[in-house]
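A.B. asks: Residue numbers (this note's numbering): 15 to 540. Quick one: structure below, then a few questions.
Here's what the structure looks like:
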């Protein structure tokens with residue numbers, strides 16, 4: 015079955031439709047306010063769109079497999095394309111693959127590639143580039159953060175220049191959706207058979223002209239871009255601004271057109287300005303506190319449960335988010351997602367229960383520390399202080415260790431026993447479960463291993479009966495809620511600030527910030 019063309023909406027679909035190749039709505043973001051109708055005007059060509067961004071580091075790399083935060087995600091998606099794109103409405107649509115189909119058991123997927131597409135250096139895009147890209151991520155010794163996705167692959171083969179066949183180790187009805195992962199953007203294959211990521215050359219709407227890791231990037235429009243109705247601005251500049259007040263001032267003074275992660279404490283100042291406006295989108299972004307499960311005292315699930323009950327989630331949403339979000343329930347699936355477990359009881363702050371679980375662990379009190387920096391999410395340090403206060407009532411003496419923003423994801427996250435973290439959303443449960451929660455996951459920041467969870471994940475991946483698949487995903491959410499080594503206290507709305515001259519998409523994506531990290535090619539200037 016042919017896929018819909020880019021931008022064409024999809025309606026609800028059955029599992030049979032999904033296996034055949036029609037990917038419907040996977041999540042639903044809701045635009046909450048701040049975008050008057052004139053923002054949805056017809057895009058104009060030209061101009062320079064400047065972003066002031068949190069989420070950059072001097073350790074950043076142009077290797078898409080290592081992209082970890084907003085700066086590199088946004089840059090990489092401007093330079094390169096994927097086989098599949100998740101559009102602003104949450105549909106999986108064709109990008110470099112113009113169609114796909116699968117075997118009845120969803121184990122063999124055949125992608126028909128788009129013809130006439132060129133890389134920035136003039137090289138034609140062909141099947142060998144897809145094969146080399148996927149093999150790069152799954153090779154022995156790969157450090158790719160998508161390794162848990164590509165580890166499902168048994169073989170990738172170019173049938174001809176415009177056809178790629180991917181054989182999986184087991185069925186996966188959502189496999190095309192996984193090909194939208196920003197780590198898996200297609201790279202050019204060189205004469206030596208290796209991919210080139212160092213140059214930044216891709217098939218995307220913009221070409222790299224300047225790049226200084228953790229500081230700045232500058233791109234110009236690709237004059238040969240194949241995608242109609244995209245890549246409106248002539249130039250885009252990304253400036254790393256870690257400090258939230260500095261980002262806000264850069265927007266108010268006109269130094270930048272767009273900022274991410276608006277500081278909620280000073281949101282009202284932006285709202286009072288007639289020069290800028292706020293875009294707020296409900297999405298799948300969520301704060302977490304991972305605990306490394308193999309380290310003391312987190313090996314004991316009673317301790318993990320005590321900490322989960324020691325968090326006042328409502329207070330976090332009220333004080334840290336000031337209402338711009340919702341409480342989490344210790345699993346990563348958002349309320350607007352297809353397989354959200356709506357019958358799982360919401361965990362409440364309960365210091366008495368926390369004390370009970372401490373006693374179950376043989377403890378009268380607990381002394382631990384949590385590493386925090388606002389690199390994790392805006393207000394993470396303040397959230398740590400709130401946690402410190404609420405945990406004290408449960409007999410938990412929590413110390414907040416303030417870490418440096420720069421290098422936080424290299425030096426602190428997944429290395430310190432407990433820390434503040436955040437995750438952008440993923441379009442399907444399997445995607446986020448396999449990348450973060452499964453045993454040996456490439457981004458497994460807790461090193462939690464659960465054989466039953468792993469088996470259920472594989473079972474759900476190939477399950478074509480909708481009711482059975484839903485039941486499995488509900489069970490997995492309950493397992494993370496009751497046994498997992500991650501506290502998920504809240505889901506955070508995406509709040510972006512922008513000048514009045516910025517024209518966004520009619521619908522702004524909610525899976526990740528900045529319109530699913532596609533703002534450079536989707537947005538324009540009035």
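Using N, Cα and C, we set each Cβ at its ideal position, and we do this for glycine too.
So is residue 237 buried or exposed if we call it buried at 16+ other beta carbons inside 10 Å?
C.D. replies: If you number the chain shown from 1, residue 237 lands on position 223. The residue in question, residue 237, is exposed, as its Cβ has fewer than 16 Cβ neighbours within 10 Å.
A.B. asks: Mind checking residue 259: buried by the 16 CB within 10 Å criterion, or exposed?
C.D. replies: Numbered from its first residue, the chain shown carries residue 259 at position 245. With fewer than 16 Cβ atoms within 10 Å of its Cβ, residue 259 is classed as exposed.
A.B. asks: Report the rounded CA-to-CA distance for residue 317 versus residue 523, giving the unit in angstroms.
C.D. replies: Against the chain shown, residue 317 aligns to sequence position 303. Against the chain shown, residue 523 aligns to sequence position 509. Each residue's alpha carbon lies about 37 Å from the other.
A.B. asks: When you compare the CB positions of residue 296 and residue 463, do they come within less than 8 Å of one another, or not?
C.D. replies: Reading the chain shown from its first residue, position 282 is the one you call residue 296. Reading the chain shown from its first residue, position 449 is the one you call residue 463. Contact flag unset, no.
A.B. asks: Can you tell me the Cα-Cα spacing of residue 76 and residue 210, whole angstroms?
C.D. replies: Within the chain shown, the letter at position 62 stands for residue 76. Within the chain shown, the letter at position 196 stands for residue 210. Distance between the alpha carbons of residue 76 and residue 210 is about 10 Å.
A.B. asks: Alpha carbon to alpha carbon, how far is residue 445 from residue 198?
C.D. replies: For this step, residue 445 is matched to residue 431 along the chain shown. For this step, residue 198 is matched to residue 184 along the chain shown. About 13 Å.
A.B. asks: Using DSSP with H/G/I as helix, E/B as strand and the rest coil, what is residue 105?
C.D. replies: Against the chain shown, residue 105 aligns to sequence position 91. Reduced to three states, the DSSP call for residue 105 is strand.
A.B. asks: Examine chain B for any beta-carbon lying closer than 8 Å to the beta-carbon of residue 234, and answer yes or no.
C.D. replies: Although the question refers to chain B, the structure presented lacks it and comprises just one protein chain.
A.B. asks: Check whether the Cβ atoms of residue 72 and residue 388 sit closer than 8 Å, and answer yes or no.
C.D. replies: On the chain shown, position 58 is the one that residue 72 refers to. On the chain shown, position 374 is the one that residue 388 refers to. Their beta carbons are not under 8 Å apart, which means residue 72 does not touch residue 388 by this criterion.
A.B. asks: May I ask which residues mark the beginning and end of the beta strand (DSSP E) holding residue 302?
C.D. replies: Position 288 of the chain shown, counted from the start, is the residue given in the question as residue 302. For residue 302, the enclosing beta strand (DSSP E) covers residues 300-304.
A.B. asks: Compute the Euclidean distance between the alpha carbons of residue 540 and residue 113, then round it to the nearest angstrom.
C.D. replies: In the chain shown, the residue the question calls residue 540 occupies position 526. In the chain shown, the residue the question calls residue 113 occupies position 99. Whole-angstrom Cα-Cα distance: 34 Å.
A.B. asks: Inspect the CB distances between the segment 235-252 and the segment 54-71 and report whether three or more fall short of 8 Å.
C.D. replies: yes
A.B. asks: Look at residue 500 and residue 303 and say whether their C-beta atoms are less than 8 Å apart.
C.D. replies: Translated into positions along the chain shown, residue 500 becomes position 486. Translated into positions along the chain shown, residue 303 becomes position 289. Yes, the Cβ-Cβ distance between residue 500 and residue 303 is below 8 Å.
A.B. asks: Would you say the segment 481-493 touches the segment 337-356, given that touching needs at least three Cβ pairs under 8 Å?
C.D. replies: yes
A.B. asks: Rounded to whole angstroms, what's the CA-CA distance from residue 19 to residue 461? Just pull it up for me.
C.D. replies: Mapped onto the chain shown, residue 19 falls at position 5. Mapped onto the chain shown, residue 461 falls at position 447. For residue 19, the pLDDT reaches just 35, beneath the cut-off of 50, and the residue's location in the model is therefore unreliable, although a value from the coordinates is still provided. Distance between the alpha carbons of residue 19 and residue 461 is about 41 Å.
A.B. asks: Rounded to the nearest angstrom, what separates residue 267 and residue 290 at their Cα positions?
C.D. replies: Locating residue 267 in the chain shown gives position 253, counting from the first residue. Locating residue 290 in the chain shown gives position 276, counting from the first residue. Near 10 Å, if we compare the C-alpha coordinates of residue 290 and residue 267.
A.B. asks: Considering Cα atoms alone, identify which of 494, 206, 521 is closest to residue 342.
C.D. replies: Along the chain shown, one-based indexing puts residue 342 at 328. Checking every option, the nearest Cα to that of residue 342 belongs to 494.
A.B. asks: Quick one: is the Cβ of residue 75 within less than 7 Å of any heavy atom of the ligand ATP?
C.D. replies: With respect to the ligand ATP, the structure shown offers nothing to examine, as it has no ligands at all.
A.B. asks: In three-state DSSP terms, what is residue 200?
C.D. replies: Sequence index remark: in the chain shown, residue 200 carries index 186 (1-based). Of the three classes helix, strand and coil, the one that applies to residue 200 here is coil, per DSSP.
A.B. asks: So, at 6 Å on beta carbons, what are the nonlocal neighbours of residue 244 in its own chain, with the 5 sequence-adjacent residues on each side left out?
C.D. replies: Walking along the chain shown from the start, residue 244 turns up at place 230. If we look at residue 244 and ignore the five residues flanking it on each side, its Cβ neighbours are 219, 535.
A.B. asks: Ignore the nearest five residues each way along the sequence and tell me which others in residue 300's own chain have a CB closer than 8 Å to its CB.
C.D. replies: Looking up residue 300 in the chain shown gives position 286. The beta carbon of residue 300 sits closer than 8 Å to the beta carbons of 342, 346, 348, 436, 437, 439, 502, 504, 505, 506 from its chain, once the five residues preceding and following it are set aside; these are given in chain order.
A.B. asks: Could you tell me which of 64, 69, 65, 63 sits nearest to residue 423, measuring between CA atoms?
C.D. replies: What you label residue 423 is simply residue 409 of the chain shown in a count that begins at 1. Selected option, being the one with the closest Cα: 69.
A.B. asks: I'd like the list of long-range same chain contacts for residue 306, defined as Cβ closer than 7 Å, with 5 residues on each side in sequence excluded.
C.D. replies: Taking the chain shown and counting its residues from 1, the one referred to as residue 306 is at position 292. 312, 431, 460, 461.
A.B. asks: Once DSSP output is grouped into helix, strand and coil, what is the label at residue 181?
C.D. replies: In the chain shown, counting from the first residue as 1, residue 181 sits at position 167. DSSP places residue 181 in strand when its eight states are reduced to three.
A.B. asks: Roughly how many angstroms lie between the CA atoms of residue 331 and residue 410, to the nearest whole one?
C.D. replies: Reading the chain shown from its first residue, position 317 is the one you call residue 331. Reading the chain shown from its first residue, position 396 is the one you call residue 410. Cα to Cα, residue 331 sits roughly 21 Å from residue 410.
A.B. asks: So residue 84 and residue 527 are in contact, right, with Cβ under 8 Å, and what is the actual spacing, rounded?
C.D. replies: In the chain shown, the residue the question calls residue 84 occupies position 70. In the chain shown, the residue the question calls residue 527 occupies position 513. Right, the Cβ-Cβ distance comes to about 6 Å (below 8 Å), so this counts as a contact.
A.B. asks: For the beta strand (DSSP E) that contains residue 503, what are its first and last residues?
C.D. replies: Counting from one through the chain shown, the residue named residue 503 turns up at place 489. Looking at the DSSP string, the run of the beta strand (DSSP E) that includes residue 503 is 500-506.
A.B. asks: Would you tell me roughly how many angstroms separate the C-alpha atoms of residue 230 and residue 327, rounded to the nearest one?
C.D. replies: For this step, residue 230 is matched to residue 216 along the chain shown. For this step, residue 327 is matched to residue 313 along the chain shown. Using only the alpha carbons, I get a separation of about 36 Å.
A.B. asks: Quick one: what does DSSP say residue 536 is sitting in, helix, strand or coil?
C.D. replies: In the chain shown, residue 536 corresponds to position 522, counting from 1. In the structure shown, residue 536 sits in a helix (DSSP, three-state: H, G or I).
A.B. asks: Pull up the distance between the alpha-carbon of residue 397 and that of residue 321, whole angstroms please.
C.D. replies: Mapped onto the chain shown, residue 397 falls at position 383. Mapped onto the chain shown, residue 321 falls at position 307. Whole-angstrom Cα-Cα distance: 14 Å.
A.B. asks: My assumption, with CB atoms under 8 Å, is that residue 265 sits in contact with residue 67. Please give the rounded CB distance.
C.D. replies: The residue given as residue 265 occupies position 251 in the chain shown. The residue given as residue 67 occupies position 53 in the chain shown. Between residue 265 and residue 67 a beta carbon distance of about 11 Å is seen, past the 8 Å cut, so the two are scored as non-contacting.
A.B. asks: Please report the Cβ distance between residue 340 and residue 161, rounded to the nearest whole angstrom; I am assuming they are in contact, meaning their Cβ atoms lie under 8 Å.
C.D. replies: Counting from 1 along the chain shown, the entry for residue 340 is found at position 326. Counting from 1 along the chain shown, the entry for residue 161 is found at position 147. The Cβ separation is near 32 Å, so there is no contact.
A.B. asks: Could you spell out the range, first to last residue, of the alpha helix (DSSP H) harbouring residue 282?
C.D. replies: Translated into positions along the chain shown, residue 282 becomes position 268. Residues 281-286.
A.B. asks: Between residue 180 and residue 200, is the Cβ-Cβ spacing less than 8 Å?
C.D. replies: In the chain shown, the residue the question calls residue 180 occupies position 166. In the chain shown, the residue the question calls residue 200 occupies position 186. For residue 180 and residue 200, no; Cβs fall outside 8 Å.
A.B. asks: How many angstroms separate the CA atom of residue 36 from the CA atom of residue 119?
C.D. replies: Translated into the one-based positions of the chain shown, residue 36 becomes position 22. Translated into the one-based positions of the chain shown, residue 119 becomes position 105. Any reading at residue 36 needs caution, since the residue's pLDDT is 42, under 50, leaving its predicted position unreliable; the model's value is listed next. If you take the alpha carbons of residue 36 and residue 119, they lie about 16 Å apart.
A.B. asks: Of all the alpha helix (DSSP H) runs that stay within the bounds of the segment 63-149, which reach a length of 4 or more residues?
C.D. replies: 84-93
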